[in-house]
Amino acid sequence: MADKASLTIGDRNFECDILSGSAGPDVIDIRKLYGQAGVFTYDPGFTSTAACQSAITYIDGDEGVLLHRGYPIDQLAEQSTFMEVAYLLLNGDLPKQDELEKFTYTITRHTMLHEQLSTFYRGFRRDAHPMAIMCGVVGALSAFYHDSTDITDPKQRMIASHRLIAKMPTIAAMAYKYSIGQPFVYPQNDLSYTGNFLRMTFGVPAEPYEVDPVIENAMRRIFILHADHEQNASTSTVRLASSSGANPFACIAAGIACLWGPAHGGANEAALNMLREIGRPERIPEYIARAKDKEDPFRLMGFGHRVYKNYDPRAKVMQKTAEEVLDRLGISDPVLDTARELEQIALKDDYFIEKKLYPNVDFYSGVILSAIGFPTDMFTALFALARTVGWVAQWNEMISDPDQKIGRPRQLYTGPTQRDYVPVDQR
Ligand code: SDX
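In my numbering, the protein residues as written are 1424 to 1850.
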């Protein structure tokens, strides 16, 4: 690949450097373009734009490859733990035993919330969507943990990172408990990160809670599969919010808000609702037709991806986990049959083949989460819980990047050119 790109505008010629990474497409460095040529590039949705350098996650959308610090997602989902993946994303390498133990000890002892925050929940209606609660409570953390909001201090950045990773399961579990009118269950330090979350969610003070190893293992995989995913919309939101110097709690709350959208993390809730609405395999053709109809805004939720033009590797692990969990729990959920049938039909349909639309991470996750006992409106809160590790790792990487500056995109202006004010009695 050449090391320069040339751009000709009229009779003027401009050259830009081409930069190469360790894998993936090269980039054309256009940072000086506006200063030299007086033009902007135009890329709504950033389909062809690299907004940063990063060494955390690599995706090859054509090959369906997802690596976290070089390790393939299917190997991590099968062999690693969420604490180990969190350490890997944050620090760049898999931890040695003593490093993992120290990291896990630190995270475990940040899982409790300031007691005043439990009254914060009581301001919400019981039927508030858990993501509304997550946005509110996580944003409010900056009012309680002001001693870890100075982003120029690496120590405070690390404490804020540990607090966010540690407290998200507690916050999510409390949102669920609040919605069903049950008392909050405090963290228990002798449990794993995932087991602790399950006990805070499904345990009650009236009796001991035994963590089911099958469910714990399924949640471990689900958390790992959702941990990070390059510069997706919510991660880009966290980076942009952080670029102004805003505190980490407010920035993660911004990421949660963005993730909530049905085109992004909200798709897991939407996908299960869609599968339930389809109900029976015989109704699948009707919905496939709607998804292909340009006049119909309906889309197959859990299908398609901006980057993957092949099977999302996370969807494969998710489907295998769905089958294992339902089998071990002795549940035969017709929704899983509908999901499998829908996938088979769609993958043979020219529309989906031509547009390279495959199941993504959100297509099967709802089947598992529903089987475990989570209500549908908790699905995206679980996505946010797991993705906090990726957001925090990307936030730390951005803050430490000497090239980083406040994000401030420009525009192609299409509004009125200058005109004079007209007093109301002359309009
Ligand atoms: C996540 O970015 C990430 O990494 C996100 C994520 C992560 O881990 O952070 O992977 C998590 O958000 C996964 C995606 C979850 N969203 C959904 O499942 C919602 C349904 N899918 C989409 O709406 C869509 O596929 C997107 C939003 C995921 C991607 O949209 P793009 O890349 O902007 O593509 P597009 O909307 O321009 O679609 C391209 C074409 C269009 O047809 P044409 O206008 O070219 O004729 O494909 C069609 C779309 O109409 N299309 C679909 C479709 N997805 C795209 N048609 C029917 N059903 C779908 N699901």
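Just so you know, even glycine gets a beta-carbon here, dropped at the ideal spot from N, CA and C.
The structure displayed is predicted, hence computed values, not measured ones.
| Query | Result |
| --- | --- |
| Enclosing beta strand (DSSP E) for D1497 [first to last residue] | It is not in any beta strand (DSSP E) - D1497 instead sits in the alpha helix (DSSP H) that spans 1496-1502. |
| Minimum C-alpha distance to H1649 - residue among G1830, L1512, G1461 | L1512 |
| G1487 Cβ short of 7 Å to the ligand SDX heavy atom set | no |
| R1810 burial status per 10 Å Cβ neighbour count (16 or more: buried) | buried |
| Any non-hydrogen atom of the ligand SDX within 7 Å of G1688 CB | yes |
| Any 3 or more C-beta pairs closer than 8 Å across the stretch 1765-1780 and the stretch 1798-1814 | no |
| Backbone secondary structure at I1701 - three-state DSSP | helix |
| D1719 versus E1524: straight-line alpha-carbon distance, rounded | 53 Å |
| First and last residue of the uninterrupted alpha helix (DSSP H) at T1575 | Here T1575 belongs to no alpha helix (DSSP H), and DSSP marks it neither H nor E. |
| Bridge-paired residues (DSSP) for E1630 | V1627 |
| Validate contact between the stretch 1577-1585 and the stretch 1664-1672 using beta carbons, cut 8 Å, 3 pairs | yes |
| As assigned by DSSP and simplified to three states, the class of N1436 | strand |
| F1469 burial status per 10 Å Cβ neighbour count (16 or more: buried) | exposed |
| Rounded Cβ spacing between P1704 and E1764 (contact assumed at less than 8 Å) | 4 Å |
| 8 Å Cβ cutoff met for V1637 and R1622 | no |
| Per-residue DSSP class, three states only, for Y1510 | helix |
| Continuous alpha helix (DSSP H) stretch holding D1521: start and end | 1520-1531 |
| Euclidean distance between Cα positions of P1685 and M1554 | 12 Å |
| Cβ-heavy atom distance, M1724 to the ligand SDX, below 7 Å | yes |
| Inter-stretch contact at 8 Å, needing at least 3 Cβ pairs: the stretch 1485-1495 / the stretch 1728-1735 | yes |
| Short Cβ contact (8 Å threshold) for I1594 with L1682 | no |
| Residue of P1846, R1842, F1547, R1833 minimising C-alpha distance to V1462 | R1833 |
| Cut-off 8 Å between Cβ atoms - residues of its own chain near M1697, not counting five sequence neighbours on either side | Y1710, L1723, M1724, G1725 |
| Any non-hydrogen atom of the ligand SDX within 7 Å of G1678 CB | no |
| Beta strand (DSSP E) runs wholly inside the stretch 1451-1495, at least 3 long, in chain order | 1480-1483, 1488-1491 |
| Span separating the alpha-carbon of C1475 from that of I1679 | 21 Å |
| Spatial distance of L1430 from L1499 (CA atoms) | 43 Å |
| First and last residue of the uninterrupted alpha helix (DSSP H) at L1765 | 1757-1770 |
| Proximity below 8 Å, CB of T1531 to CB of P1592 | no |
| Cβ separation of Y1787 and M1821, assumed to be a contact under 8 Å, to the nearest whole Å | Not quite, the Cβ-Cβ distance comes to about 32 Å (not below 8 Å), so this is no contact. |
| H1868 Cβ short of 7 Å to the ligand SDX heavy atom set | Any question about residue 1868 goes unanswered here, given that the chain covers just 1424 to 1850. |
| Cβ-heavy atom distance, H1552 to the ligand MG, below 7 Å | What this structure holds is the ligand SDX, not the ligand MG. |
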